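Student:
Chains as they are written, first to last, in our numbering: chain E, 68 to 849; chain G, 2 to 301; chain W, -12 to 139.
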């Protein structure tokens, strides 16, 4: 097993590649792009949660000089904005603009004018006449017979299929025999869990700039986690050949899953730009952004059985996903939810029924963890209840049952399975429990006094990419290009986006490590779809494992070619040559070990290759990972509950992560810090409730009433401990796995369990607000 | 708020902008433009409301440059705090911190450093949110609002200044000039407590308390709460209970119960009414205890 | 139209503007200085923070007319060319930058904090930076960066 000490640059603290531009305010995001002659766009949004539009009158806006498009003028087709699934698993129910809006905020028309102010004024002149229809804001209500259908039909691949009871799609899976399993159980617990409807609140609102090119093509800058899928989708919608659509990379001001799919603003801006024949910028306000996307709200009925000895025997999960008005990735999510559930703990007999249901609310999309935070909260809560009933230490109970090394792991759903080859769960739990003082934690409900402290445990994982040994319904591959310049510096070209986690810096480090060159010699090119090969998307925590894997693959190819050239120059054997980085010279030095005088810099070889007309040392490769190894995390959280205000404070956090080889230690720790605060926020603060009479968001889209923590709400530096397990993933680049989503997934469970430990009350609905705490506490004590 | 009229990128309306240098000029402008004009100080409330289309105005009168409105000094009448005094200046003022610690504590809790660099005490009062932190503190401080209009100057006790959510006694053509507060007389203990969803939030409930001690008993007690009624309010029945008693657990509970009976909180997106009632009790107990301990009292 | 005269990152500027023009848009759209960001437009996130006469303010709620006669400092004004401001360097070194969208606002307020209080405690740092939301970092590395910058 390789340790961190064996590496030149991996595991060392370095400055991120895009860092200088970001701290200087010079990094461009989609919302910063400005082109000469550019128009500003505004979208007309449905004020009704469910309506049929009789007419839209944009004549006043056009008289003002604005360009307008309505739902009557866009390509008449339905599409799926997310192209990560294979065609046979892709459900399409979106249109660029809607003539039958299904949620308050759905785009009906759009205008573009010389300034945002003019566009706003033009927008306000548009007249719409609608026939308002009955709306449903609850998934269980939606499914009742007689409720109006949001979609009569949807398209699956190329076939139109009927929708019944507003059930967008469903999935049923079983393994073993649950009835038998429950019959054998010594204890069975069954609970219902309801999550909140969280909004990503990524700092940059969804934005796009489209430039119509001479000859009918377009150039696009947008908030995206995948430039290639954006291009593919625009080709599908508008029919423009793909070599005439260029989607350019710009920095993304926060993704968290909100731009895995191509955001609605993008095709709307394309339609405007094509009509106006001028560049168009469309950047959502915050309040529009909150009406644009939201996480999947889930209702679980979870039943688990165990033996007296503390082994899980059977489990049944009924999941209802409230997906809002349209499908983005509901069907694959149904598979992922059961995949996550089945991969937390070994459940020999299990049954799963999942339904995704339409409601007249903002459409749901992936949110960091993609169902894993939700199901982990439920499972970790129930595991604590089971261990209490069995009188077994919750830690012991987890150690007895977790899915770990050598076990089959369901990854991103039942079609993506692999065997776990690296696992640090024990190290995480044992070490973490020692640091937090697990053994001396209070007993739930035995405390007195106003301020009550509690310690809770939550553990979990996430896949590193959606790789698998055979094709599945999830597309997961990506490619990269690498070339050596004539001075020995390198250009690394990939389509993979860095959402902020530092994945591209990790790639550069992987390349530097493989090639033995100083890190500063590796340039990460800001590329576009024209100059890159396909990469599916930055999601599923695949940036380092799959993307870095591709970087490693292409670096190996380049190294091979480089050493062949070097061998010619040095009169040595290429397979015997090595490369070491020399920071002083600023070059990689190619040498034959033990032989004096047989040394040459990478730059010299590249220069000679140019003079001798041998060709550039370069390679382009694609990589499909053959597995999606779980990265594991565990959180021990100490909270303090003020039983007289219901407010909860995070006192201490001890977080352990098994991510294989740690490439960027400060950024990896940063993922844990950020994941914790998001999980904390998930449990205590976030929700987007609706006004039942109007179907409007109660907070109207203003973050005044969408609270997330500020820095004083988080633990002190000394009270937040992060450590990494000493593991090595054989299938990952230099042993590395992902971290992005594992950093969030178990937090909610840990926090909820800590609250229970403090006040002896369990909650089955998120968020756990101060009001709910006071109420429950009063009932318990009084 | 109509969804297609919201646009927080810009200030959607066109308006004429005036920046008078004297109070008279400001009053003159108000009387000329009447209901079509709005005063602006920090802009942190006004511009948000304009972006949300809750306020449509044709004239904005910026009063930040008027010297008389940024006075921050003490004279024989008491402490004059000009309406256009930035909250950050109040926060930084040693004069205020030493002599009006309650106001200092309340102002420090408002928003962020950036907000306090822009917002003014006059703005906080004239915006008249039932949760206004400075209002709650001033309500127990014998403060007066000094107002100027075309018909002359008038003084209104701060308790009569607020008449409803977002509504004050100011006429269309009147300007709040300053707040006048007498010095806190000897041996007064104060406390301002605020509860929100996070550390950066409007108050779900807030409370300000002033206590005076005589031996072991309470010589005088004032209690005001915000966000629990259409305006910030004094709870005199609770004050009467506490006056003359020792600060025992019983006194604290008694005061808390009365407060929760006399307030009229609503349920809104921030919190249910029941929660506000419960927390008001906690805040009453907490604020009274803190203020009492600050003047050397014992609480059991 | 009104004429305003102000100093921007040390340089004197003169512009004609409309009264309803926000400072944020003046910087971002008129002057192409996009380091200052729009995050919410209502003063709750801090992404639009600039220094006005050295004090952090929210440019999304500042009318451009109100900067007449004043000094405006934006993120672009902290360093020129290859130089780095000590706070910028600290943010880089401590991994305080992830997606980077909140970073310019945070850095501007940090500058003001350290000028006012060169050796702040952790609590003082958190309180001073309260008006800035970050959805990526969980604030830990940011606080570390501020401490590091204070130490320099």
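Note that CB positions come from ideal geometry on N, CA and C, so glycine has one too.
A quick note: this is a predicted structure, and the numbers were derived from the prediction, not measured.
#1: For residue 12 of chain W, which residues in chain G fall below 8 Å Cβ to Cβ?
#2: The ligand NAD and residue 29 of chain G: does the residue's C-beta get closer than 7 Å to at least one heavy atom of that ligand?
#3: Residue 352 of chain E CB to nearest chain G CB: under 8 Å?
#4: What does the alpha-carbon distance come out to for the pair residue 598 of chain E and residue 298 of chain E?
#5: With DSSP as the reference, please indicate the residues paired to residue 349 of chain E in a beta bridge.
#6: What in chain G is Cβ-close to residue 598 of chain E, meaning under 8 Å?
#7: Just reading off the beta strand (DSSP E) that residue 109 of chain E is part of, what are its end residues?
#8: Cutting at 6 Å between CB atoms, please list the residues of its own chain near residue 317 of chain E, excluding the five before and the five after it.
#9: Throw me the rounded Cβ distance for the residue 500 of chain E and residue 462 of chain E pair, which I believe falls under 8 Å.
#10: I think residue 278 of chain E touches residue 286 of chain E, with their Cβ atoms under 8 Å apart; what is that distance to the nearest whole Å?
#11: Short of 8 Å in beta carbon distance, which residues of its chain neighbour residue 121 of chain E, apart from the five on each side in sequence? Order them along the chain.
#12: Any idea what DSSP makes of residue 355 of chain E, helix, strand or coil?
#13: Using the beta-carbon of each residue, which ones in chain W are nearer than 9 Å to residue 17 of chain G?
#14: Thinking C-beta only, is residue 525 of chain E closer than 8 Å to residue 737 of chain E?
#15: Measuring straight from C-alpha to C-alpha, what distance separates residue 226 of chain G and residue 292 of chain G?
#16: Within a Cβ cutoff of 6 Å, which residues of the same chain sit near residue 105 of chain E, ignoring the five residues on either side of it in sequence?
#17: Which whole runs of the alpha helix (DSSP H) in the region 85 to 111 of chain W are 4 residues long or more, in chain order?
#18: Could you tell me if residue 759 of chain E is buried or exposed, where buried requires 16 or more neighbouring beta carbons within 10 angstroms of its beta carbon?
#19: If you draw a straight line from the alpha carbon of residue 265 of chain G to that of residue 252 of chain G, how long is it in whole angstroms?
#20: Could you give the residue range of the beta strand (DSSP E) that holds residue 656 of chain E?
#21: Do you know how far the Cα of residue 797 of chain E is from the Cα of residue 153 of chain E?
#22: Have a look at W/67, W/22, W/68 and flag the residue whose alpha-carbon is nearest the alpha-carbon of residue 95 of chain W.
#23: For residue 523 of chain E and residue 818 of chain E, I'd like the C-alpha separation in whole angstroms.
#24: Pick from G/72, G/53, G/290, G/243: whose alpha carbon is nearest that of residue 179 of chain G?
#25: Does the contact criterion of 3 or more C-beta pairs under 8 Å hold for the region 161 to 173 of chain E versus the region 448 to 464 of chain E?
#26: Nearest to residue 377 of chain E by CA position, among E/464, E/443, E/190, E/234, is which residue?
#27: Smallest Cα separation from residue 627 of chain E: which of E/550, E/416, E/204?
#28: Output the distance between the C-alpha atoms of residue 236 of chain E and residue 544 of chain E, rounded to the nearest integer angstrom.
#29: Looking at the strands, I want to know which residues DSSP matches up with residue 451 of chain E.
#30: Can you pull the chain E neighbours of residue 202 of chain G, defined as C-beta to C-beta under 8 Å?
#31: Which chain B residues are close to residue 2 of chain G, counting only those with a beta carbon under 8 Å from its beta carbon?
#32: Could you please give me the residues that DSSP links to residue 222 of chain G through a beta bridge?
#33: Where does residue 1 of chain G sit, in a helix, a strand or coil, going by DSSP?
#34: Could you give the uninterrupted runs of the beta strand (DSSP E) lying entirely in the region 172 to 224 of chain E, keeping only those of 3 residues or more?
#35: When you compare each of E/705, E/259, E/267 to residue 775 of chain E by their alpha carbons, which one comes out closest?
#36: Any beta carbon of chain G sitting closer than 8 Å to that of residue 115 of chain W?
Tutor: Based on what the coordinates show:
#1: 10, 11
#2: Of the ligands one can find in the structure shown there are none, so the ligand NAD has no counterpart to examine.
#3: yes
#4: 13 Å
#5: E/275
#6: By Cβ distance, chain G contributes nothing, its closest Cβ being about 33 Å from residue 598 of chain E, past 8 Å.
#7: 106 to 112
#8: 95, 96, 97, 288
#9: 6 Å
#10: 4 Å
#11: 196, 197, 198
#12: helix
#13: 6
#14: no
#15: 15 Å
#16: 346, 348
#17: 90 to 103
#18: exposed
#19: 22 Å
#20: 654 to 659
#21: 28 Å
#22: W/22
#23: 6 Å
#24: G/72
#25: no
#26: E/464
#27: E/550
#28: 26 Å
#29: In DSSP, residue 451 of chain E forms no bridge with anything.
#30: 774
#31: Among the chains of the structure shown, chain B does not appear; the protein chains present are E, G and W.
#32: G/212
#33: What the structure shows of chain G is the stretch from 2 to 301, and residue 1 of chain G is not part of that stretch, so it cannot be assessed.
#34: 174 to 180, 194 to 199, 220 to 223
#35: E/267
#36: yes
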